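Sequence order for the protein chains is Z, C and B.
Positions 1 to 263 (my numbering) are the ones given, in order, by the first sequence.
Positions 1001 to 1263 (my numbering) are the ones given, in order, by the second sequence.
Positions 2001 to 2263 (my numbering) are the ones given, in order, by the third sequence.
Glycine is no exception: its CB is placed at the ideal position from the N, C-alpha and C atoms.
Just so we're clear, the structure is a prediction, and the values are computed from it rather than from any experiment.
Report on the following structure.
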Amino acid sequence: MPPPITLLTDFGDRDGYVGVMKGIIAGICPAGPVIDLSHNIPPQNLAAARFTLLNAAPYFPAGTVHVVVVDPGVGTARRAIALQLPQGYLVGPDNGVLSGVFDRVSPADIKAVELTEPKYWRSPQPSPTFHGRDIFAPVAAHLAAGVALTALGDSLDPQTLTRIAIPPAEITTEQIIGSIQHSDHFGNLITTIPAAAIADQTWVMQVGAVEIPVGKAYGEVELGHAIALVGSHGWVEIAVNSSSAQARLRLVIGDEVRLMATT
Amino acid sequence: MPPPITLLTDFGDRDGYVGVMKGIIAGICPAGPVIDLSHNIPPQNLAAARFTLLNAAPYFPAGTVHVVVVDPGVGTARRAIALQLPQGYLVGPDNGVLSGVFDRVSPADIKAVELTEPKYWRSPQPSPTFHGRDIFAPVAAHLAAGVALTALGDSLDPQTLTRIAIPPAEITTEQIIGSIQHSDHFGNLITTIPAAAIADQTWVMQVGAVEIPVGKAYGEVELGHAIALVGSHGWVEIAVNSSSAQARLRLVIGDEVRLMATT
Amino acid sequence: MPPPITLLTDFGDRDGYVGVMKGIIAGICPAGPVIDLSHNIPPQNLAAARFTLLNAAPYFPAGTVHVVVVDPGVGTARRAIALQLPQGYLVGPDNGVLSGVFDRVSPADIKAVELTEPKYWRSPQPSPTFHGRDIFAPVAAHLAAGVALTALGDSLDPQTLTRIAIPPAEITTEQIIGSIQHSDHFGNLITTIPAAAIADQTWVMQVGAVEIPVGKAYGEVELGHAIALVGSHGWVEIAVNSSSAQARLRLVIGDEVRLMATT
């Protein structure tokens, strides 16, 4: 059975664009599952696409083909790429959306190609506005069906790939300074502080003048109260029990948060 | 071929949380269909989740595994459960979201377990905030792949399961008093009055000072006019032809409606 | 392996209606992929459903079964129909939603039936409000599973099918007058001017007093500037680089646009 193909786009859910990509895939590799990560990435928001893929990819079986189509440069000189990593494949534009995943892999373990072989596209003349349909979906389906990465185009040096850099948290034994990197559907605020950084000590969070306790589960604080905890992504996040931390604290992406050691 | 797995959550469609659950399922039981019931249950709204599952489950083939993750108590002492009914399986938190379905089954026909066997989880240390990914999705995939319910944990007495009670309609031959229990995407207002209650007589509906005719199809009244009819769920509902009854009548969940016999 | 079944509805993504249709399909034809085109067609908007199906259908493999349930006349005398075309099947109400696809096929190549054979329905007494569940989904699943079209009901003359007519663009060598027929998730404004009409000359677009250059890719104009180009659907569309043409130009469906020859 072919591996899963995942789709992550900013196409929304009103038009038939996502369905069309699945139609193309069904014509090439009908037997494998096609799984939506999200189609509601804010239009052209490369950082949100990077974050979503980075946090979802580890939960998929080996060999999965992840396709990202958040692509403001479609039709210009930006490269279309496919990567083979130990855990599976990445397909999309070379604009940084894939970099959250491949930056965690040693360059020696990455094979990369520019998609230059029209034989694996929908047609040799792709639409200059919809490479998702004409290049990325058919290429992903061919990969899932067993075509070798190297057949898809010219080899690329992984060092030349476009990256989106997120400033890492500053970590000492007394304090950790990070920032908000994402706000999810529940209004949870996910920071740039990794779980491992807080494992050996106890902490309290400071956000401006507000102190927030650090715990393990939403229910440790009363309804409507804020708590900082290690979220399911493996980052420290701020939540409000049965409500929205974003609505309560009015923080935006990039705002600073601090953890102060209490022991 | 494995039976379908359905997913019903309040995760929304912006983040990758639902995709991650499907990734976990694809790693355990790749061949069966995974079907979304809804991911737009209002956050933590147990009654809406219960209603949606109750009205969808009867249309699925025998053996289907229904997973519900509307779970404000995640990480606290609330139990994680799986049930085997004659028509299939239910997996989710023991907070009442599954009760609309299992309350229609004789307790003698229900097998229930608490999910205490980490062997069928994603890891022995599940995230305290995302049991959907770490417990419910893998357990559902193992059930679909053929693992026996009793392998998943300790047996439970079905009488101890948490229920959400909806006040039943008061039914006499002259009048029926019910209430609004749900409002759907079209603005149709679904009441607590079951279809069978109105089968043998003719009725008119009273909502406050407004009289609404009782009929069979939206098109029996003029565009923009209200009609009460038996909806596809098997409940009496109020609709407005080509418009929204909710917007027109401004009723909310719990508001009283009356049917008066006219014969 | 069975062909794909696609679903296009105005059911939204809050309720379980779409999931229920997939449950019915899974009980009849579990092995084939079921692909969502959109469930966010504006309620009862036949023109938007017609446009979405017309632009998606060409990208699906031969034999695909397309189901449309945008059906304000459900429960009235409007016919339920299924069509067999050289490229696949169409199933839905006879209200024009299917006409964008079948109007591009010679009537001699269309086989049409009215769905009158309850044997292929969910039950002989379908709900008067949800033919998607009780008639269209099971009929589509039976077609995908190999039942012949002619078994589903009485033959129809394709000339009698309901059509939605869109006024074609007026095309001369000096100017082309068309109109806006759709606005997508990105705010791109899709006109009624087909790609072939502009192939042999160079043009400039006039929208009221505004002149818009005609090009090939979004990135040919500066951020925030408008461009007219051939969109991925094969129609001339108006886009704004990295923003929304609809928000900028405030055009609505039906508004006139002109192309003036510049050579």
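C-alpha distance - residue i paired with residue j, whole-angstrom precision
{"i": "Gly73 of chain Z", "j": "His39 of chain Z", "result": "18 Å"}
{"i": "Asp71 of chain Z", "j": "Ser244 of chain Z", "result": "30 Å"}
{"i": "Asn1055 of chain C", "j": "Gly2016 of chain B", "result": "8 Å"}
{"i": "Ile2253 of chain B", "j": "Gly12 of chain Z", "result": "20 Å"}
{"i": "Glu170 of chain Z", "j": "Ile190 of chain Z", "result": "16 Å"}
{"i": "Cys2029 of chain B", "j": "Pro1004 of chain C", "result": "12 Å"}
{"i": "Asp2036 of chain B", "j": "Ile41 of chain Z", "result": "18 Å"}
{"i": "Ile176 of chain Z", "j": "Gly1023 of chain C", "result": "33 Å"}
{"i": "Val18 of chain Z", "j": "Ala1031 of chain C", "result": "22 Å"}
{"i": "Ala2195 of chain B", "j": "Ile81 of chain Z", "result": "28 Å"}
{"i": "Ser242 of chain Z", "j": "Arg2014 of chain B", "result": "20 Å"}
{"i": "Val2113 of chain B", "j": "Pro2002 of chain B", "result": "21 Å"}
{"i": "Val1020 of chain C", "j": "Ala26 of chain Z", "result": "22 Å"}
{"i": "Met1205 of chain C", "j": "Glu237 of chain Z", "result": "50 Å"}
{"i": "Pro58 of chain Z", "j": "Arg2050 of chain B", "result": "40 Å"}
{"i": "Asp1109 of chain C", "j": "Gln1159 of chain C", "result": "12 Å"}
{"i": "Pro2061 of chain B", "j": "Pro2033 of chain B", "result": "12 Å"}
{"i": "His185 of chain Z", "j": "Phe1130 of chain C", "result": "14 Å"}
{"i": "Arg2250 of chain B", "j": "Gly2224 of chain B", "result": "15 Å"}
{"i": "Glu1117 of chain C", "j": "Asp1157 of chain C", "result": "18 Å"}
{"i": "Ser106 of chain Z", "j": "Pro138 of chain Z", "result": "28 Å"}
{"i": "Ile198 of chain Z", "j": "Asp1255 of chain C", "result": "49 Å"}
{"i": "Gly79 of chain Z", "j": "Asp94 of chain Z", "result": "Residue identity check: residue 79 of chain Z is Arg in the sequence provided, not Gly. Between Arg79 of chain Z and Asp94 of chain Z, the C-alpha separation is close to 5 Å."}
{"i": "Asp154 of chain Z", "j": "Gly234 of chain Z", "result": "36 Å"}
{"i": "Pro168 of chain Z", "j": "Gln1125 of chain C", "result": "26 Å"}
{"i": "Glu1174 of chain C", "j": "Glu1211 of chain C", "result": "16 Å"}
{"i": "Ala48 of chain Z", "j": "Leu98 of chain Z", "result": "11 Å"}
{"i": "Ala148 of chain Z", "j": "Gln44 of chain Z", "result": "30 Å"}
Residues that DSSP places opposite residue i in a beta bridge
{"i": "Lys1111 of chain C", "result": "C:Gln1084"}
{"i": "Gly1016 of chain C", "result": "According to DSSP, which records beta bridges pairwise, Gly1016 of chain C is partnered with nothing at all."}
{"i": "Thr1006 of chain C", "result": "C:Ile1035 and C:His1066"}
{"i": "Ala228 of chain Z", "result": "Z:Val214 and Z:Ile238"}
{"i": "Gly1178 of chain C", "result": "C:Val1257"}
{"i": "Ser1155 of chain C", "result": "C:Val1113"}
{"i": "Leu1090 of chain C", "result": "C:His1066 and C:Leu1083"}
{"i": "Val1207 of chain C", "result": "C:Val1210"}
{"i": "Glu170 of chain Z", "result": "Z:Ile177"}
{"i": "Ser127 of chain Z", "result": "The partner list for Ser127 of chain Z (beta bridge, DSSP) is empty, contrary to what the question assumes."}
{"i": "Ser2243 of chain B", "result": "B:Val2240"}
{"i": "Ser2183 of chain B", "result": "B:Leu2189"}
CB contact flag (residue i, residue j, <8 Å)
{"i": "Thr9 of chain Z", "j": "Gly132 of chain Z", "result": "yes"}
{"i": "Trp203 of chain Z", "j": "Leu143 of chain Z", "result": "no"}
{"i": "Leu7 of chain Z", "j": "Val67 of chain Z", "result": "yes"}
{"i": "Gly92 of chain Z", "j": "Phe136 of chain Z", "result": "yes"}
{"i": "Ile2166 of chain B", "j": "Leu2046 of chain B", "result": "no"}
{"i": "Tyr120 of chain Z", "j": "Leu85 of chain Z", "result": "no"}
{"i": "Ser2179 of chain B", "j": "Val2257 of chain B", "result": "yes"}
{"i": "Ile1227 of chain C", "j": "Ala1239 of chain C", "result": "yes"}
Integer Cβ distance of residue i from residue j, believed to fall under 8 Å
{"i": "Ser183 of chain Z", "j": "Ser1127 of chain C", "result": "With a Cβ gap of about 19 Å, Ser183 of chain Z and Ser1127 of chain C do not count as contacting."}
{"i": "Thr2076 of chain B", "j": "Ala1217 of chain C", "result": "6 Å"}
{"i": "Gly1088 of chain C", "j": "Thr1064 of chain C", "result": "4 Å"}
{"i": "Arg122 of chain Z", "j": "Asp134 of chain Z", "result": "4 Å"}
{"i": "Ala2145 of chain B", "j": "Gly2187 of chain B", "result": "So it is not a contact: roughly 41 Å between Cβ atoms."}
{"i": "Thr2172 of chain B", "j": "Gln2181 of chain B", "result": "Rounded, the Cβ-Cβ distance is 20 Å, inconsistent with contact."}
{"i": "Pro1213 of chain C", "j": "Val1221 of chain C", "result": "7 Å"}
{"i": "Leu83 of chain Z", "j": "Lys111 of chain Z", "result": "7 Å"}
{"i": "Gln2201 of chain B", "j": "Ala2261 of chain B", "result": "5 Å"}
Boundaries (first-last residue) of the alpha helix (DSSP H) holding residue i
{"i": "His142 of chain Z", "result": "Ala137 to Ala145"}
{"i": "Arg2258 of chain B", "result": "Per DSSP, Arg2258 of chain B belongs to no alpha helix (DSSP H); it is in the beta strand (DSSP E), Glu2256 to Ala2261."}
{"i": "Val2101 of chain B", "result": "Ser2099 to Phe2102"}
{"i": "Tyr78 of chain Z", "result": "A small fix is needed here, since residue 78 of chain Z is Arg in this sequence, not Tyr. Element bounds for Arg78 of chain Z: n/a, residue is neither H nor E."}
{"i": "Leu251 of chain Z", "result": "Looking at the DSSP string, Leu251 of chain Z is not in any alpha helix (DSSP H), and its letter there is neither H nor E."}
Residue range of the beta strand (DSSP E) that includes residue i
{"i": "Thr192 of chain Z", "result": "Leu189 to Pro194"}
{"i": "Gln44 of chain Z", "result": "Counting along the chain, Gln44 of chain Z falls outside any beta strand (DSSP E), and DSSP gives it neither H nor E."}
{"i": "Gln2201 of chain B", "result": "No beta strand (DSSP E) holds Gln2201 of chain B; DSSP gives it neither H nor E."}
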